[in-house]
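Have a look at the structure below before the remarks.
Numbering (my numbering), first residue to last: -1 to 159.
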């Protein structure tokens, strides 16, 4: 690609399509089309583009590639229903992303509180939407990081009431 030429989302080169998908001025239609790209890196980039339409983002949250689902799960625009579905994903990185999403509903965080992955539990312990009973349970965790984080979050939540 020539240095003075803008990357083309329709290029045969996946690296050029990935660069093009980063462009904040890309149209909603172009982002929708790119959300079907054969290359997972392009789809990840589309999931991270702030202008990706919600219908494309919801579709990317159900992508076959866990990296794409992870990137989509971090987006605050996802519906509570989709975030709750992703809380049961078989890839820990997707569940971590759900636990980090500021709009994850309490019922999804409740599902994640007993996750096998300590990082998922740690993110649940630090989430402001985690129900108090879940925080109390996490405050009894054998994992010191999870326990201390849950205690701190619980303290903050109880002070705010």
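We treat Cβ as the ideally placed atom computed from N, Cα and C, and that holds for glycine.
None of these values were measured; they are calculated from a predicted model.
DSSP places residue 24 outside any alpha helix (DSSP H), giving it a letter other than H or E. Fully contained in the stretch 29 to 102 are the following alpha helix (DSSP H) runs of length 4 or more, in chain order: 38 to 46, 52 to 58, 64 to 71, 78 to 84 and 90 to 98.
When DSSP states are grouped into helix, strand and coil, residue 104 belongs to the helix group. Taken through DSSP and simplified to helix, strand or coil, residue 9 comes out as coil. In the DSSP annotation of this structure, the continuous segment of the alpha helix (DSSP H) that includes residue 133 starts and ends at 130 to 136. Your pair residue 33 and residue 58 checks out as a contact, with CB atoms roughly 6 Å apart and the cut at 8 Å. The alpha-carbon of residue 155 is positioned some 18 Å away from that of residue 139.
At a Cβ-Cβ threshold of 8 Å, residue 70 and residue 55 count as neighbours. For the 8 Å CB-CB criterion, residue 22 and residue 14 do not form a contact.
Take residue 114, set aside five residues on each side of it, and the residues of its chain with a beta-carbon closer than 8 Å to its own are 90, in chain order. One thing to note: residue 93 has its Cβ no nearer than 8 Å to the Cβ of residue 66. Residue burial annotation: residue 159 is exposed, with fewer than 16 other C-beta atoms found within 10 angstroms of its C-beta. Residue 135 and residue 53 have their alpha carbons spaced roughly 36 Å apart.
Here residue 20 carries a coil assignment [DSSP, helix/strand/coil].
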